Amino acid sequence: MKTNRWDDHYARRAREENWLARSVYKLQEIDKKYKIIRKGEHILDLGCYPGSWSQYAIEKAGQQGLVAGIDLFRPERVVSANFIFLLADVFEVDIEWLFNELGPMDAVISDLAPKTTGVRSADAGHSLLLAKKAADISFSILKDGGRFVCKVFEGEDVRSLRSLISSHFKLVRLFRPKATRKRSSEVYIIGLDLIR
Ligand SMILES: C[S@@+](CC[C@H](N)C(=O)[O-])C[C@H]1O[C@@H](n2cnc3c(N)ncnc32)[C@H](O)[C@@H]1O
Numbered sequence: 054m055k056t057n058r059w060d061d062h063y064a065r066r067a068r069e070e071n072w073l074a075r076s077v078y079k080l081q082e083i084d085k086k087y088k089i090i091r092k093g094e095h096i097l098d099l100g101c102y103p104g105s106w107s108q109y110a111i112e113k114a115g116q117q118g119l120v121a122g123i124d125l126f127r128p129e130r131v132v133s134a135n136f137i138f139l140l141a142d143v144f145e146v147d148i149e150w151l152f153n154e155l156g157p158m159d160a161v162i163s164d165l166a167p168k169t170t171g172v173r174s175a176d177a178g179h180s181l182l183l184a185k186k187a188a189d190i191s192f193s194i195l196k197d198g199g200r201f202v203c204k205v206f207e208g209e210d211v212r213s214l215r216s217l218i219s220s221h222f223k224l225v226r227l228f229r230p231k232a233t234r235k236r237s238s239e240v241y242i243i244g245l246d247l248i249r
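Taken in order, the sequence shown gives residues 54 to 249; the numbers are from my numbering.
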């Protein structure tokens, strides 16, 4: 039988455990290490489609929690009374309007990723713009002490993103989860304890 190179251990496990994508295991690992999502919290999930991070956040935040997702595509299979979705391009979202709609958030998690072209430097540049946008949103929408997780493709300017995030959070870490595919250049930047 032919094996599909994308159908790895994590993809099979995600299907067995009813997660909408294998990327859930990246968030799970980050959350175990850095305690990003807690019971009763309000979480903003940027680039939420197809929905595994939202599923995980809904489960972790529990019945008193709230998860708001934003994406260009509607995550139709995420069904929960504690989930709200905004169909939007993050570059076009009015952050002040978003804050008025949602109120302050405990954590912003961003798995935003561009459609890759195969040209590594172009993909890294696009990913960096998405990550900077996610960081901007987090600075405006997080409560004091809030937490931020953001995917970015490694490239020349990741250092500038890290220092931008360092100017708003007490602790900043770069993390590469085990579930990240070997040939992927993605890393996650974690910001803990937002300061204004
Ligand atoms: C890797 S996927 C996210 C997977 C998701 N975390 C999950 O676990 O199911 C990246 C997402 O970013 C979204 N995205 C990319 N550019 C965007 C933009 N400008 N505005 C909103 N969403 C965007 C894509 O549509 C895609 O669904």
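In this text, a Cβ means the ideal position worked out from N, Cα and C, and glycines have one as well.
What you are looking at is a predicted structure, and each value in this text was computed from that prediction instead of being measured.
*Buried or exposed: where does V143 fall if 16 or more other Cβ atoms within 10 Å of its Cβ makes it buried?*
buried
*Look at the alpha carbon of A184 and the alpha carbon of R212, and state the distance between them as a whole number of angstroms.*
12 Å
*Pull up the distance between the alpha-carbon of S180 and that of L224, whole angstroms please.*
22 Å
*Decide if D164 is buried, meaning its Cβ has at least 16 other Cβ atoms within 10 Å, or exposed.*
buried
*With C-beta atoms as the reference, is I194 less than 8 Å away from L151?*
yes
*Sort out for me which residues DSSP pairs A64 with in a bridge.*
BP columns for A64 are empty, so no partner.
_Coil, strand or helix - S213 by DSSP_ = helix
_L80: first and last residue of the uninterrupted alpha helix (DSSP H) it sits in_ = V77 to Y87
*So the alpha helix (DSSP H) R173 belongs to, where does it begin and stop?*
R173 to I194
*For M158 versus I96, is the C-beta spacing smaller than 8 Å?*
yes
*For K99 versus V172, is the C-beta spacing smaller than 8 Å?*
Checking the sequence shown, residue 99 turns out to be Leu, not Lys. Cβ atoms of L99 and V172: not closer than 8 Å.
_What would DSSP say about S163, mapped onto helix, strand or coil?_
strand
*Under a CB-based cut-off of 8 Å, is A121 close to chain D?*
Given the protein chain composition of this structure (a single chain), no chain D is represented.
_For W82 and P230, I'd like the C-alpha separation in whole angstroms._
Looking at the sequence provided, one finds Glu at residue 82 rather than Trp. For E82 and P230, the distance between alpha carbons rounds to 7 Å.
*Cβ shell of A67 (< 8 Å), same chain only, five flanking positions each side left out*: L73, A74, R75, V77, Y78 and S105
*Hey, is F201 close to ligand 1, as in C-beta under 7 Å from one of its heavy atoms?*
no
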